[in-house]
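Below is one structure, written out as structure tokens; the observations come after it.
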Amino acid sequence: MKTIKIIFSLVLVLFVSALRAQIAPIDEKGLAVGGYDVVAYFSTKAIKGDAKITAKHGDATYQFVTTANRDAFKRNPIKYLPEFGGFCAWGVGAKSTKFPINPETFEIIDGKLYLFFNGPFNGSNFNSLEAWNQDQDNLLKAANANWPNVKGSK
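For reference, each letter of the sequence shown is one residue, going 2 to 155 in the numbering used here.
Structure (structure tokens):
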């Protein structure tokens, strides 16, 4: 019985960790934003798209919940693409670097999509959206100023 409890605890820890996983804005297969529908964010929801409903933009493939969302993206992709190449807005603004993102941690500001890191960092959880919200105006200005230099970095 003790072994079962230990195994269950380990599985639970792994499951919770997976939920908080950080991702690159575009993965090694070219999937953007972990498959989340970038149009759906504008209805204040982070929703995984359907692998059968896609659109290409640049080197990335975007997934959508509906064909209507896909078609809206195709008509005006710039409207829906995340700022800063999909990297963590706080990382670009506060640290002048590219941080991975948690696609469920986002904010729409002035009609633009910003994504954020939200997960384990230095032994505790760090939600960069909370830090961003404490000084949004200054961090947004800094991120816009930093992005041209950060954009080309690895």
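Note that CB positions come from ideal geometry on N, CA and C, so glycine has one too.
Keep in mind it's a predicted model, so treat the numbers as computed, not measured.
Taking the continuous alpha helix (DSSP H) assigned at glycine 73, which residues delimit it?
Note that residue 73 is alanine in the sequence shown, not glycine. In the DSSP annotation of this structure, the continuous segment of the alpha helix (DSSP H) that includes alanine 73 starts and ends at 68 to 76.
Along the alpha helix (DSSP H) that carries leucine 152, what are the first and last residues, could you check?
Strictly speaking, residue 152 in this sequence is lysine, with leucine absent from that position. Here the alpha helix (DSSP H) through lysine 152 covers 137 to 152.
How far does the beta strand (DSSP E) with lysine 96 in it reach, from first residue to last?
Careful: lysine 96 lies outside any beta strand (DSSP E), inside the alpha helix (DSSP H) at 90 to 96.
Boundaries of the beta strand (DSSP E) in which phenylalanine 127 is found, first to last residue
125 to 128
For leucine 141 and glycine 94, what's the separation of their Cα atoms in angstroms?
Near 6 Å, if we compare the C-alpha coordinates of glycine 94 and leucine 141.
Tell me which same chain residues have a C-beta within less than 6 Å of the C-beta of glycine 50, skipping the five on either side of it?
Within the same chain, and ignoring the five residues on either side of glycine 50 in sequence, the residues whose Cβ sits closer than 6 Å to its Cβ are Gly36, Asp38, Gln64, Phe65, Val66.
Check whether the segment 83 to 97 and the segment 67 to 75 touch, using three or more Cβ-Cβ pairs below 8 Å as the test.
no
With distances taken Cα to Cα, identify the nearest neighbour of lysine 96 among Gly31, Val151, Gln135, Asp28.
Val151
Taking only heavy atoms of the ligand FMN into account, decide whether any of them is closer than 7 Å to the Cβ of leucine 32.
Because no ligand of any kind appears in the structure shown, any question about the ligand FMN cannot be addressed here.
Among residues of its own chain, excluding the 5 on either side of tryptophan 148, which ones have a beta-carbon nearer than 7 Å to its beta-carbon?
Phe85, Val93
In the structure shown, what three-state DSSP assignment does isoleucine 27 receive?
strand
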